[in-house]
Amino acid sequence: MQTKYEHHLAPYASRSSDSLGRQHAESAPATRSEFQRDRDRIIHSTAFRRLEYKTQVFVNHEGDLFRTRLTHSIEVAQIARSLSRNLQLNEDLVEAISLAHDLGHTPFGHAGQDALNACMKDYGGFEHNLQSLRVVDTLEQRYGAFDGLNLMFETREGVLKHCSLPHAKELGAIGQRFIDRKQPSLEAQIANLADEIAYNNHDIDDGLRSGLLTTEQLEQVGLFLRYQSEVHKQFPGISGRRAINEIVRRMINALVVDLIENSRKNIQEARVTSIEDVRNAQPLIAFSGAMKQEAQELKRFLRTNLYQHYQVNRMTSKARRIVTDLFGIFMSEPQLLPNDYQLQNEDMLHQARKVADYIAGMTDRYAMREYRRLFAVDEI
Ligand code: MG
């Protein structure tokens, strides 16, 4: 049954037939592959719909055209599928990983995650990758037979992109690769780099749209400058959004083409013939040395000029206060938690985890509304 969806794949691709399977046994799907089933379960999850109202860099209400975590995840899936198809890897698996990779993100992007991690310091910390796994493994409640979405091992492995060693030791099979220093599937490696290509490029686009970045500033970035000259040569007099779109699409294309060519070379040189070989090899999905440097230059530019822009800092500061104050009040007055999160004689450790799950699940606007409901004297 499975082979009809996977017969075209390279020997080193992930296949349902070689999979380490699901935590709870289920019969094989009749009309789709196992990884397509995973993708479908992710799309139908509550956590996936929440991504629409969660910040990437700009808070959800700041403008209708900025990326949200939902549109970001769709862009990641598009880039990852394109990479995957060119390398004869499992597109269904990369799509599932890409769409699920940010499910555990808190409201307000990295500011929210850092604040929640600081609040959880004495209770095991908070890591968004680990939380994404927790969402698909336990927090979603949709099926009679099990908690979570009961995804395939390879999908879960891709979702758990990073993980600290102490946590890896508690996770069993899914954490083992961090202890053994082994690699995940090539599909997981692809989703990881597709994430990077997507956010670096859409942050330029959103940065320019918001007015926090200018094209003159971006001329410091080699990759941008190269395609800016190309676009102006090809279309003299081009300006505004049309010019930006032409430049950004060329940048994405250059990164994608380099990644395909260099990864293909790495795969050939490593002579991998199975997923087992892939797990034991060095990371094989990688940019060429020159492109890696250009991508790093772009990242550095965004860190200094966009992520640390004072207007972004203001939102970051507010986000930190909202998350920290919500955590504080729910820890000291747990009777304020909604019914689903009410405590049943739990110790502090479990109480803190429940509060963290509640806060992490909030959208930006829900967190702001909850903050007002709890702290504003003129709200009920
Ligand atoms: Mg992401």
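Here the working numbering is used: the first residue of the sequence shown is 611, the next is one more, and so on.
Using N, Cα and C, we set each Cβ at its ideal position, and we do this for glycine too.
Between which two residues does the alpha helix (DSSP H) holding residue i run?
i, result
"residue 958", "958-971"
"residue 784", "Looking at the DSSP string, residue 784 is not in any alpha helix (DSSP H), and its letter there is neither H nor E."
"residue 1001", "No answer is possible for residue 1001: the residues shown for the chain start at 611 and end at 990."
"residue 905", "899-912"
"residue 762", "Residue 762 -> no alpha helix (DSSP H), and no H or E assigned at all."
"residue 875", "850-880"
"residue 845", "Counting along the chain, residue 845 falls outside any alpha helix (DSSP H), and DSSP gives it neither H nor E."
"residue 685", "679-696"
"residue 978", "974-985"
"residue 817", "796-820"
"residue 635", "Per DSSP, residue 635 belongs to no alpha helix (DSSP H) and is neither H nor E."
"residue 739", "738-744"
"residue 708", "701-710"
"residue 673", "No alpha helix (DSSP H) holds residue 673; DSSP gives it neither H nor E."
"residue 644", "644-653"
"residue 729", "719-729"
"residue 888", "885-890"
"residue 825", "825-828"
"residue 752", "Premise fails: residue 752 is in no alpha helix (DSSP H) and is neither H nor E."
"residue 625", "Careful: residue 625 lies outside any alpha helix (DSSP H) and carries neither H nor E."
"residue 659", "656-660"
I'd like to know whether the C-beta atoms of residue i and residue j end up nearer to each other than 9 Å.
i, j, result
"residue 796", "residue 869", "no"
"residue 768", "residue 798", "yes"
"residue 662", "residue 678", "yes"
"residue 708", "residue 725", "no"
"residue 793", "residue 703", "no"
"residue 933", "residue 951", "no"
"residue 912", "residue 813", "yes"
"residue 862", "residue 838", "no"
"residue 643", "residue 746", "no"
"residue 664", "residue 935", "no"
"residue 599", "residue 947", "Because the chain here runs from 611 to 990, residue 599 falls outside it and cannot be looked at."
"residue 816", "residue 987", "no"
"residue 693", "residue 800", "yes"
"residue 854", "residue 803", "no"
"residue 759", "residue 742", "no"
"residue 896", "residue 887", "no"
"residue 706", "residue 756", "no"
"residue 909", "residue 811", "no"
"residue 717", "residue 976", "yes"
"residue 719", "residue 970", "no"
"residue 673", "residue 898", "no"
"residue 872", "residue 901", "yes"
"residue 823", "residue 916", "yes"
"residue 734", "residue 962", "yes"
With a threshold of 16 other CB atoms inside 10 Å of the CB of residue i, please say whether the residue is buried or exposed.
i, result
"residue 626", "buried"
"residue 867", "exposed"
"residue 920", "exposed"
"residue 847", "exposed"
"residue 658", "buried"
"residue 972", "buried"
"residue 884", "exposed"
"residue 955", "exposed"
"residue 865", "buried"
"residue 826", "exposed"
"residue 715", "buried"
"residue 779", "exposed"
"residue 711", "buried"
"residue 845", "exposed"
"residue 958", "exposed"
"residue 914", "exposed"
"residue 616", "buried"
"residue 744", "buried"
"residue 647", "buried"
With a threshold of 8 Å, establish whether the CB of residue i neighbours any heavy atom of the ligand HEM.
i, result
"residue 950", "As for the ligand HEM, it is missing from this structure, which binds only the ligand MG."
For the region 899-918 and the region 826-845, state whether three or more C-beta atom pairs, one from each stretch, are separated by less than 8 Å.
-> Output reads yes: the region 826-845 touches the region 899-918.
When the Cβ atoms of the region 722-735 are set against those of the region 755-770, are three or more pairs found closer than 8 Å?
-> No, because fewer than three Cβ pairs between the region 722-735 and the region 755-770 fall closer than 8 Å, the two stretches do not touch.
Indicate whether the contact test is met: 3 or more Cβ pairs, each with one atom in the region 647-667 and one in the region 740-752, closer than 8 Å.
-> They touch, by the three-pair rule.
Pair every Cβ in the region 672-691 with every Cβ in the region 630-647, then say whether three or more of these pairs are closer than 8 Å.
-> With the cut-off at 8 Å, the region 672-691 and the region 630-647 do not touch.
Do three or more CB pairs link the region 736-746 to the region 927-947 at distances below 8 Å?
-> Result no; under three Cβ-Cβ pairs closer than 8 Å.
Chain-ordered list of residues that sit, by beta carbon, closer than 5 Å to a heavy atom of the ligand MG = Ordered along the chain, the selected set is 712 and 805.
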